[in-house]
DNA sequence: GCACTGTGGTTGAAATATCAAGCACCTCTG
DNA sequence: CAGAGGTGCTTGATATTTCAACCACAGTGC
């Protein structure tokens with residue numbers, strides 16, 4: 001029971017390996033592409049995800065920790081990033097009424113405007129990098145696969161509050 | 001033609017949006033999970049990718065820029081990371097004969113040993129986080145989707161040299 | 001051979017992320 | 001209500017990443 005050395009691991013088959021590799025590289029390329037496109041507007045993808053998430057929420061506000069879970073970032077990281085966004089005037093911190101420990105991050109009007117503008121760029125970016133190259137049905141499969149993974153890794157993550165609104169939505173559909 | 005404001009962007013449909021969100025969150029969760037498991041061995045996923053890639057290459061060596069492309073990292077980043085790995089004695093730099101500008105990163109015996117040990121952990125990690133939660137056929141679909149994306153974003157990226165060896169491979173099948 | 005331009009890789013400083021405490025408040029128990 | 005232990009968020013130090021030069025060499029045209 002010394003250095004955990006269980007029996008032979010369940011190595012991947014050639015197919016599995018190929019698919020896994022494709023995933024790993026693809027996911028990095030996607031991040032790279034989306035990030036680069038947003039850079040031109042002075043934000044990183046992770047920053048955009050934050051304000052975008054806020055913009056879709058009922059009163060454009062979310063508790064820090066909820067938001068951290070939604071975008072899969074550490075609380076510490078979110079704190080630092082929020083401070084940066086605050087300095088740009090895109091978000092503002094508000095004390096939480098019910099729970100005095102809590103802090104709500106609120107999107108400012110300026111922030112809302114920024115998101116709306118960037119959303120236009122970002123959605124094209126997503127289409128070019130991800131949607132266009134993949135046949136529609138296959139893309140939905142991909143979504144299902146990822147949903148299964150999410151379910152396994154973080155069963156009780158708060159829901160993204162995907163508004164089931166219209167299909168031809170306006171700027172509110174900012175996250176993509 | 002002032003502030004690039006083309007017509008209405010092609011917003012995502014509800015389904016597309018849902019799938020895209022699932023992807024984004026899932027991919028972050030995967031990274032988080034794999035990274036955490038490797039942390040216990042003192043490496044990050046991105047570091048592991050590097051030495052793993054080296055271990056699968058003919059003479060356990062690759063040019064810096066080729067390697068950078070393979071793992072989708074900036075050259076600068078690879079330079080820094082390579083230095084760190086070098087300090088741990090896992091890789092060594094060697095001058096390139098044909099091209100005197102070039103540098104080859106070579107996996108040391110110590111590095112090889114490290115990869116082989118970590119591979120055992122990592123492969124289980126990948127199974128738990130990704131393979132197990134997704135039905136086999138769906139996972140292959142995911143691989144196909146990502147391959148299509150790779151083709152669109154980086155058509156002429158060097159090939160990962162996935163050795164078409166046996167299916168029940170030993171430690172060489174390190175990347176997963 | 002000498003410029004000129006491009007590529008491969010590195011460097012150091014600035015930006016960002018991680019990690020380990022820490023503080024303030026909440027909740028539960030007695 | 002005191003105290004113990006937990007949660008929410010922040011802080012500051014450290015580690016990593018990015019960004020903008022930079023140097024050395026390769027390739028091309030003269």
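Chains as they are written, first to last, in UniProt numbering: chain A, 1 to 176; chain B, 1 to 176.
Note that beta-carbon positions come from the ideal geometry of N, C-alpha and C, so glycine has one too.
(1) Considering only the beta carbon of each residue, do residue 63 of chain A and residue 104 of chain A sit closer than 8 Å?
(2) Classify residue 40 of chain A as buried or exposed, calling it buried when 16 or more other Cβ atoms lie within 10 Å of its own Cβ.
(3) Pull the bridge partners of residue 104 of chain A from the DSSP assignment, please.
(4) Please check if any C-beta of chain A sits within less than 8 Å of the C-beta of residue 123 of chain B.
(5) Need the endpoints of the alpha helix (DSSP H) that residue 125 of chain B sits in, please.
(6) Closer than 8 Å is the cut-off here; do at least three beta carbon pairs connect the stretch 37-54 of chain B with the stretch 139-149 of chain B?
(7) Please list the partners that residue 54 of chain B has in chain A, where partner means a Cβ-to-Cβ separation under 7 Å.
(8) Exposed or buried, residue 110 of chain B, counting other C-beta atoms within 10 Å across all chains shown (16 or more means buried)?
(9) Would residue 103 of chain A pass as an interface residue toward chain B - the criterion being a Cβ-Cβ separation below 8 Å?
(10) Counting pairs of Cβ atoms below 8 Å between the stretch 125-145 of chain A and the stretch 16-25 of chain B, do you hit three or more?
(11) Taking residue 15 of chain B as the reference, which of A:154, A:137, A:158 has the closest Cα?
(12) Within 10 angstroms of its Cβ, does residue 76 of chain A collect 16 or more other Cβ (buried), or is it exposed?
(13) Which residue wins for smallest C-alpha separation from residue 9 of chain B, given the options A:123, A:129, A:42?
(14) Compute the Euclidean distance between the alpha carbons of residue 46 of chain B and residue 71 of chain B, then round it to the nearest angstrom.
(15) Could you name the residues of the stretch 37-53 of chain B whose beta carbon sits closer than 8 Å to any beta carbon of chain A, in the order they occur along the chain?
(16) Of all Cβ atoms in chain A, is any one closer than 8 Å to the Cβ of residue 35 of chain B?
(17) Between the alpha carbons of residue 49 of chain A and residue 154 of chain A, how many angstroms are there, rounded?
(18) When you compare only the Cα positions, how much space is there between residue 2 of chain B and residue 88 of chain A?
(19) Does chain B have any CB closer than 8 Å to the CB of residue 146 of chain A?
(20) Compute the beta-carbon to beta-carbon distance between residue 112 of chain A and residue 44 of chain A, rounded to the nearest angstrom, for a pair I have assumed lies under 8 Å.
(21) Would residue 97 of chain B be called buried (16 or more neighbouring beta carbons within 10 Å of its own) or exposed?
(22) Could you check whether the Cβ of residue 156 of chain A sits closer than 8 Å to any Cβ belonging to chain B?
(23) Can you name the residues of chain A whose CB is closer than 7 Å to the CB of residue 99 of chain B?
(24) Can you tell me whether residue 136 of chain A is helix, strand or coil according to DSSP?
(25) In the stretch 2-81 of chain A, which residue ranges form an unbroken beta strand (DSSP E) of at least 3 residues, counting only runs that do not cross its ends?
(26) Should residue 95 of chain A go down as buried or exposed, given a rule of 16 or more other Cβ atoms within 10 Å for buried?
(27) Name the residue from A:58, A:35, A:26 whose alpha carbon lies nearest to the alpha carbon of residue 125 of chain A.
(28) What is the DSSP secondary structure of residue 154 of chain B, counted as helix, strand or coil?
(29) Please go through the same chain and pick out, in chain order, the residues whose beta-carbon is closer than 8 Å to the beta-carbon of residue 108 of chain B, but skip the five residues on each side of it.
(30) Between the C-alpha atoms of residue 114 of chain A and residue 99 of chain B, what's the straight-line distance to the nearest angstrom?
(31) Going by other Cβ atoms of all chains shown within 10 Å of its Cβ, with 16 needed for buried, is residue 167 of chain B buried or exposed?
(32) Could you check whether residue 121 of chain B and residue 30 of chain B sit closer than 8 Å to each other, using their CB atoms as the reference points?
(33) Output needed for residue 102 of chain B: all residues of its chain with C-beta closer than 6 Å, excluding positions within five of it in sequence on either side, in chain order.
(34) Measuring only between beta-carbons, confirm whether residue 116 of chain B sits less than 8 Å from chain A.
To lay it out plainly:
(1) Against a cut-off of 8 Å, the Cβ pair of residue 104 of chain A and residue 63 of chain A comes out as a contact.
(2) With fewer than 16 Cβ atoms within 10 Å of its Cβ, residue 40 of chain A is classed as exposed.
(3) In DSSP, residue 104 of chain A forms a bridge with A:63, A:94.
(4) A Cβ of chain A is located within less than 8 Å of the beta carbon of residue 123 of chain B.
(5) It spans 109-126 - the alpha helix (DSSP H) in which residue 125 of chain B sits, taken as one unbroken run.
(6) Judged by Cβ distances under 8 Å, the stretch 37-54 of chain B makes no contact with the stretch 139-149 of chain B, as fewer than three pairs qualify.
(7) Within 7 Å Cβ-Cβ: nothing; residue 54 of chain B doesn't reach chain A, min ~15 Å.
(8) Exposed, by the Cβ-count rule.
(9) For residue 103 of chain A, not one C-beta of chain B is nearer than 8 Å to its own C-beta.
(10) The stretch 125-145 of chain A makes contact with the stretch 16-25 of chain B, as at least three CB pairs between them are under 8 Å.
(11) Nearest option by C-alpha distance: A:137.
(12) Label assigned to residue 76 of chain A: exposed.
(13) Taking only the C-alpha atoms, the option nearest residue 9 of chain B is A:123.
(14) Taking the straight line from one Cα to the other gives about 8 Å.
(15) Taking 8 Å as the cut-off between beta carbons, the residues of the stretch 37-53 of chain B near chain A are 49, in sequence order.
(16) No, no contact with chain A.
(17) Rounded to the nearest whole angstrom, the C-alpha separation of residue 49 of chain A and residue 154 of chain A is 19 Å.
(18) Confidence at residue 2 of chain B is low in this model, with a pLDDT of 47, below 50, so the placement of that residue should be treated as unreliable; the coordinate-derived value is given next. Near 24 Å, if we compare the C-alpha coordinates of residue 88 of chain A and residue 2 of chain B.
(19) Yes, because at least one Cβ of chain B sits closer than 8 Å to the Cβ of residue 146 of chain A.
(20) At roughly 19 Å, the Cβ-Cβ gap does not stay under 8 Å, so residue 112 of chain A and residue 44 of chain A are not in contact.
(21) In summary, residue 97 of chain B is exposed, with fewer than 16 beta-carbon neighbours lying within 10 Å of its beta-carbon over all protein chains present.
(22) Cβ-Cβ to chain B under 8 Å: no for residue 156 of chain A.
(23) Going along chain A, no residue has its Cβ under 7 Å from residue 99 of chain B, so there is no contact; the nearest lies around 25 Å.
(24) Residue 136 of chain A falls in the helix class under three-state DSSP.
(25) If you keep only unbroken beta strand (DSSP E) runs of at least 3 residues inside the stretch 2-81 of chain A, you get 61-63.
(26) With fewer than 16 Cβ atoms within 10 Å of its Cβ, residue 95 of chain A is classed as exposed.
(27) Closest by C-alpha distance to residue 125 of chain A, out of A:58, A:35, A:26, is A:35.
(28) Three-state result, residue 154 of chain B: coil.
(29) If the five residues before and after residue 108 of chain B are omitted, its C-beta is found closer than 8 Å to the C-beta atoms of 89, 90, 91, 92, all from its own chain and listed in chain order.
(30) One Cα belongs to residue 114 of chain A, the other to residue 99 of chain B, and the distance between them is close to 48 Å.
(31) Any reading at residue 167 of chain B is ruled out, since the residue's pLDDT is 39, under 50, leaving its predicted position unreliable.
(32) With respect to residue 121 of chain B, residue 30 of chain B sits apart: the two C-beta atoms are not nearer than 8 Å.
(33) Taken in chain order, the residues that qualify are 63, 96.
(34) Any Cβ of chain A closer than 8 Å to the Cβ of residue 116 of chain B would place that residue at the interface, and such an atom is absent.
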